[in-house]
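Novice:
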Amino acid sequence: MADANLINSAALARVQDIDFVHQFEQGVTALLTVLDITEPQVLRAGTQVQMYTVTGNLASGTVAEGEDIPLSKYTQVKGPAYTVDLEEWRKATTAQAILKFGYETAVGQTDRKMLRDIQGSIRRKFFDFLAQGTGVATGATFQQAFAMAWGTLANTLSEMDTDGTPIYFANPLDLATYLGAATINNVESAFGFTYLRNFLSLGTCVFDAKVPRGTVYATLTENINCYAVDLSELARAGLEFEVSDETGLIGVHHTGRHQNGTAETYADTGILLFPEVMNYIVKATISGGADDSTLSALSIGSLSLSPSFSADVTEYAAATTNATNTVSATASDEGATVAIYVNGTQVESGGSATWVAGTNDVNVVVAKGMSATAYHVTVTKS
Numbered sequence: 402m403a404d405a406n407l408i409n410s411a412a413l414a415r416v417q418d419i420d421f422v423h424q425f426e427q428g429v430t431a432l433l434t435v436l437d438i439t440e441p442q443v444l445r446a447g448t449q450v451q452m453y454t455v456t457g458n459l460a461s462g463t464v465a466e467g468e469d470i471p472l473s474k475y476t477q478v479k480g481p482a483y484t485v486d487l488e489e490w491r492k493a494t495t496a497q498a499i500l501k502f503g504y505e506t507a508v509g510q511t512d513r514k515m516l517r518d519i520q521g522s523i524r525r526k527f528f529d530f531l532a533q534g535t536g537v538a539t540g541a542t543f544q545q546a547f548a549m550a551w552g553t554l555a556n557t558l559s560e561m562d563t564d565g566t567p568i569y570f571a572n573p574l575d576l577a578t579y580l581g582a583a584t585i586n587n588v589e590s591a592f593g594f595t596y597l598r599n600f601l602s603l604g605t606c607v608f609d610a611k612v613p614r615g616t617v618y619a620t621l622t623e624n625i626n627c628y629a630v631d632l633s634e635l636a637r638a639g640l641e642f643e644v645s646d647e648t649g650l651i652g653v654h655h656t657g658r659h660q661n662g663t664a665e666t667y668a669d670t671g672i673l674l675f676p677e678v679m680n681y682i683v684k685a686t687i688s689g690g691a692d693d694s695t696l697s698a699l700s701i702g703s704l705s706l707s708p709s710f711s712a713d714v715t716e717y718a719a720a721t722t723n724a725t726n727t728v729s730a731t732a733s734d735e736g737a738t739v740a741i742y743v744n745g746t747q748v749e750s751g752g753s754a755t756w757v758a759g760t761n762d763v764n765v766v767v768a769k770g771m772s773a774t775a776y777h778v779t780v781t782k783s
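In terms of the numbering used here, the sequence shown is residues 402 to 783.
(1) Does the structure place the stretch 526 to 537 close enough to the stretch 680 to 696 that three or more beta carbon pairs sit under 8 Å?
(2) How long is the line joining the alpha carbons of ASP713 and ALA555, rounded to whole angstroms?
(3) Count the C-beta pairs between the stretch 440 to 447 and the stretch 626 to 641 that are closer than 8 Å, then say yes if the count reaches three, no if not.
(4) Using DSSP with H/G/I as helix, E/B as strand and the rest coil, what is HIS659?
(5) Would you report the Cα separation of ASN599 and PRO567, rounded to the nearest angstrom?
(6) Quick test of the definition: if touching needs 3 or more C-beta pairs under 8 Å, does the stretch 707 to 726 touch the stretch 656 to 673?
(7) Please tell me whether TYR569 and VAL607 are closer than 8 Å, where the distance is taken between their beta carbons.
(8) Which class does GLY521 belong to by DSSP, given the choice of helix, strand or coil?
(9) Could you tell me which residues DSSP puts in a beta bridge with ILE687?
(10) From which residue to which residue does the alpha helix (DSSP H) around THR578 run?
(11) Select from THR557, GLU665, LYS514, ASP486 the residue whose C-alpha is nearest the C-alpha of PHE425.
(12) Go through the stretch 417 to 487 residue by residue and report every complete run of the beta strand (DSSP E) that reaches 3 residues or more, in order.
(13) Pick helix, strand or coil for PHE600, following the three-state DSSP scheme.
(14) Ends of the alpha helix (DSSP H) at PHE502?
(15) Verify whether the separation of the beta carbon atoms of PRO613 and THR595 is less than 8 Å.
(16) In three-state DSSP terms, what is LYS514?
(17) Just to confirm, are TRP490 and ILE519 a CB contact at a threshold of 8 Å?
(18) Helix, strand or coil, according to DSSP, for ASP762 in the structure here?
(19) Taking 8 Å as the cut-off, does the stretch 664 to 677 touch the stretch 478 to 498 (at least 3 CB pairs, one atom from each stretch)?
(20) Could you check whether THR622 and ASP437 sit closer than 8 Å to each other, using their CB atoms as the reference points?
(21) Given THR779, which residues of its chain have a CB within under 7 Å of its CB, disregarding the five upstream and five downstream residues?
(22) Which same chain residues end up closer than 8 Å to ALA773 when comparing Cβ atoms and leaving out the 5 residues on each side of it in sequence?
(23) Excluding the 5 residues preceding and the 5 following PRO708 in the sequence, name in chain order all residues of the same chain whose CB lies nearer than 8 Å to its CB.
(24) If you draw a straight line from the C-alpha of ASP420 to the C-alpha of THR686, how long is it?
(25) So ILE701 is in the beta strand (DSSP E); what residue range does that whole segment cover?
Right, here's the structure in full:
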């Protein structure tokens, strides 16, 4: 008779179940803390949830004696409807892979990748919901778009005489473009998100690659709901899963299948992050105004350029009898770089160019970001 304390394959499988569930639960709990959500609302699979916009006006409060008090009217205009659905995943690892790479690599590491992908699918749906928001804003740069998202949301809340805690979502590459080489020391992470608290002194900003680049979403933490499918009925049907607690954020089951020599991982969940009020969501677009790589001024001593200088004209001619002349070029954008070459030799703006008899080439290259403009002057020395 086997010892009651024997650690068998079933016990090891349950350890894997518990570890998977624990990691998922930790991630969800951390995420809900960031979003200021106390706990998920547990619903039956297939329950419908509704997005809507809030409209209305406060009637005048000035009423003559004896007259009826006018009605103030507020309405919830229905938007798209969605259902909180059960989602199921399965992964099978062959006996050959386990023997070749070891159990931890073949099953454990792929379990963790599966967990991250499940989290990613939940985040992706959430950002798809945010894209349904009716508020719009535009800014030329990331910082301007972020500020306009805040301002547009604040204006909407003011019009509706309500308030809340703003939270923002953006792509990490937009943050990197804004900060350049600056070091970020206060980045935190939860559920695959990275986030910065009190970003630009306007609130928490969450950064995720699943947010479309060039977009900043702004909404309220109070506008975000977290729903979870009730998994409790599955056990009654003989579908046993390890679950975290009564909320059943995720159900996980590991089992071996001798008939095909595989170790299988099953995961069921029904987490839905859902922003409810559409006009409490602002989508700000980074317009990314084209980088200015033009010159505001170009001169070669007191020589006359032909044609006269204009920022959008790049070809000129000039004539001189002097041995040297001063070449000066000023960029329209102070952040642009200017490089001047005389017959292939670089000179500084305000420096002297030495001419050879006949034709001389002056090339001025202006660069800003991804934009560059080349100006050329043919100087003839007689």
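From the three backbone atoms N, C-alpha and C, an ideal C-beta is built for every residue, glycine too.
Specialist: According to the structure data:
(1) Yes, the stretch 680 to 696 is in contact with the stretch 526 to 537.
(2) Each residue's alpha carbon lies about 41 Å from the other.
(3) Yes, since at least three Cβ pairs between the stretch 440 to 447 and the stretch 626 to 641 fall closer than 8 Å, the two stretches touch.
(4) Looking at HIS659 - three-state DSSP - the assignment turns out to be coil, as it is neither helix nor strand.
(5) So the alpha carbons of these two residues sit roughly 10 Å apart.
(6) Judged by Cβ distances under 8 Å, the stretch 707 to 726 makes no contact with the stretch 656 to 673, as fewer than three pairs qualify.
(7) In contact: TYR569 and VAL607 (Cβ atoms closer than 8 Å).
(8) GLY521 carries a helical assignment under DSSP once its states are collapsed to helix, strand and coil.
(9) GLY540.
(10) Taken as a continuous stretch (DSSP letters only), the alpha helix (DSSP H) holding THR578 covers 573 to 580.
(11) Ranking the options by Cα distance to PHE425, first place goes to LYS514.
(12) Given a length threshold of 3 residues, each whole run of the beta strand (DSSP E) inside the stretch 417 to 487 is given here in chain order: 442 to 444, 448 to 458, 474 to 485.
(13) PHE600 carries a helical assignment under DSSP once its states are collapsed to helix, strand and coil.
(14) The continuous alpha helix (DSSP H) containing PHE502 extends over residues 496 to 502.
(15) Pairing PRO613 with THR595 gives a Cβ-Cβ distance that is not under 8 Å.
(16) Helix.
(17) Contact check for TRP490 against ILE519 passes: the beta carbons are separated by less than 8 Å.
(18) Strand at ASP762.
(19) Judged by Cβ distances under 8 Å, the stretch 478 to 498 makes contact with the stretch 664 to 677, as three or more pairs qualify.
(20) The answer is yes: Cβ separation under 8 Å.
(21) Cβ neighbours of THR779 beyond the five flanking positions: ALA718, THR760, ASP762.
(22) If we look at ALA773 and ignore the five residues flanking it on each side, its Cβ neighbours are SER694, VAL766, VAL767.
(23) For PRO708, where only same-chain residues beyond five positions count, the Cβ hits under 8 Å are VAL714, TYR717.
(24) Cα-Cα distance, rounded: 41 Å.
(25) The continuous beta strand (DSSP E) containing ILE701 extends over residues 696 to 701.
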